[in-house]
Structures are given as C-alpha cells and as structure tokens.
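Just so you know, our numbering puts 769 at position 188 of the sequence shown, and the rest follows in order with no gaps.
Beneath this line is the structure, given in structure tokens, with notes to follow.
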Amino acid sequence: MRYEKLAVSRPRPDVWMLTLNSPPDNRFTVRVLAELSAGLDQVEGEWRLANKGREPSKKSGGAIVIASALAKFFSNGYEPDIVHGPGFITDTAYPPLYRVLSFPLVTIAAIEGHAFAGGCLLAMCCDFRIMGTGKAWISMNEVFAGMPLSYAVAAIVSTRVDKRLYRDITLGKRWTAYEARDVGIIDEVVDNSVDSRAVIDRAVALGEEKAPLVASGAWDSIKISEHGESGKLPLNPEEQAKRFWGKMEKKKAYL
C-alpha cells in the first residue's frame, strides 16, 4: 500500500515508528485505519525477516512507537460520518486496535497532543503510553457522540484500569498528562515545553530499552492470552509466525 496518511520509519535498528499525518486532527477514516494496519504488517514483516533462520539466542526483539506529525493532536478519534455505518465498529474500527493490542513487538504511544475517543483507545491498546506536558487532554468521549463501545473494546479498557476509573473514562472525563499519570492511564510524562521532540525521543529510548525483552517471539501470544477467547491455548512463536506469513500470502493473492 502507498501511504498517504502515515509514515513508517526506523529511528533505531530495533525500533520502528508509525507517524500519523492526517490534518487537521488525525481523524480515523477508513483510509487511515487501513494504512495503520498496513504499516503494522510492514513492521512485523521486516522484524520477522530479520530473524528468519537465526538461532533462538541470536534473535532480536523490537519495539514500535506510534506517534503523530501534528503537534496539537495525537488523534481526535473516528470520523463522525462513518462511526454509525453498518459493521463499522466490528469490521473497520476494532481490527486495527486488536492488531496493536496483540502486536509481537513492544508498542509505545507517544502522545504529544490531544488523544480523544478512538485516539485514546489506540493509545490504551499500546503497552506503554508517554505524554507531553503541553496543553493536551486524553479522554474517551464516545458517550457524547452517541457511539457505543463493542464488548471487545470495553474489555480492552477494563483490563487497563480499575472499575471506578472505567466508569470515569466511559463517562468522558478528560485528564491532563499529570492527572492521567497519577490515575494510571499513562506511564510517563515528558516535559516538551522546550524540545518539541522530547516525547518521541523518550518513546524511542524506551523502545530501545524494552526491545530485547521480546526477542523470543512470545510477546504477542502472552498478550493474546489476556485478551483472547477463553479456553483456547495461545500459539507458540513458530505458529504465530506461520499465521502471519499465511495472512500476508492471502493479502498478496487478493491484491
């Protein structure tokens, strides 16, 4: 896929970055969500190819940073005109979220601007969330837009926060960076008042630090076991790799 709203880069050998760039506020359109999914496929493919044929002790891990090219917004959520379309939540909105949630590399949200609705959900699907000190809020405000949460999305949020905080989140409460850190929604606050790249730089550094931890290839199965269907055994790294390459072959045939 030719990217129009996304840039894929590799700031470190074991750290990739997906940068959303859909002015004015990184709304999630069908195109943006499709490019996000394609970018994730590209990164996973590059990581798996790099490790192909290596002995287990020689394999490398990796991390992916999801960031924004827009200083004011990480993402303002879903495009209002499409959220109530038939099958949108289950067929279009949820798959990229679950893809991030179950990604085999460490995932880090670099939140420099507002993260509302779907933008907040995307950040919460990441393993780590880093937010800048600028004038930005993080909030799930779907309740104000009349957008229901699917059971799957509700399950994602409920695994991240306790029940009382879940109530506040789903009622659209907004938090600043420090407030969000204090209640456990984000992991770190970075002062970006002077250096506009401070949040991204910290996210990349964290990715470099955590990348070796997932070299075995089991990280996606571990996360899937938390969010997947009960009663199903998680796949081992070899099976997960076969599943990924099988999916890519099907996509290639379709295209």
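Positions of the beta carbon are idealized from the N, C-alpha and C atoms, including for glycine.
Given the structure is predicted, the values throughout are model-derived calculations rather than measurements.
Scanning the stretch 750–826 from its first residue to its last, the whole beta strand (DSSP E) runs of 3-plus residues come out as 769–771.
R748 sits exposed, since fewer than 16 C-beta atoms from the chains shown fall within 10 Å of its C-beta. For W718, the secondary structure class from DSSP, reduced to helix, strand or coil, is coil. Annotation: M598 is outside any alpha helix (DSSP H); the continuous beta strand (DSSP E) that includes it extends over V596 to L601.
For R612, the enclosing alpha helix (DSSP H) starts and ends at V611 to N632. Assigned with DSSP and collapsed to three states, L678 falls in helix. Of the residues E819, V770 and L651, the one whose Cα lies closest to the Cα of S797 is E819. 8 angstroms or more divides the Cβ of L599 from the Cβ of K586. In this structure, F609 sits away from Y675, with a CB-CB distance that is not shorter than 8 angstroms.
Between L703 and L678, the gap from beta carbon to beta carbon is short of 8 angstroms.
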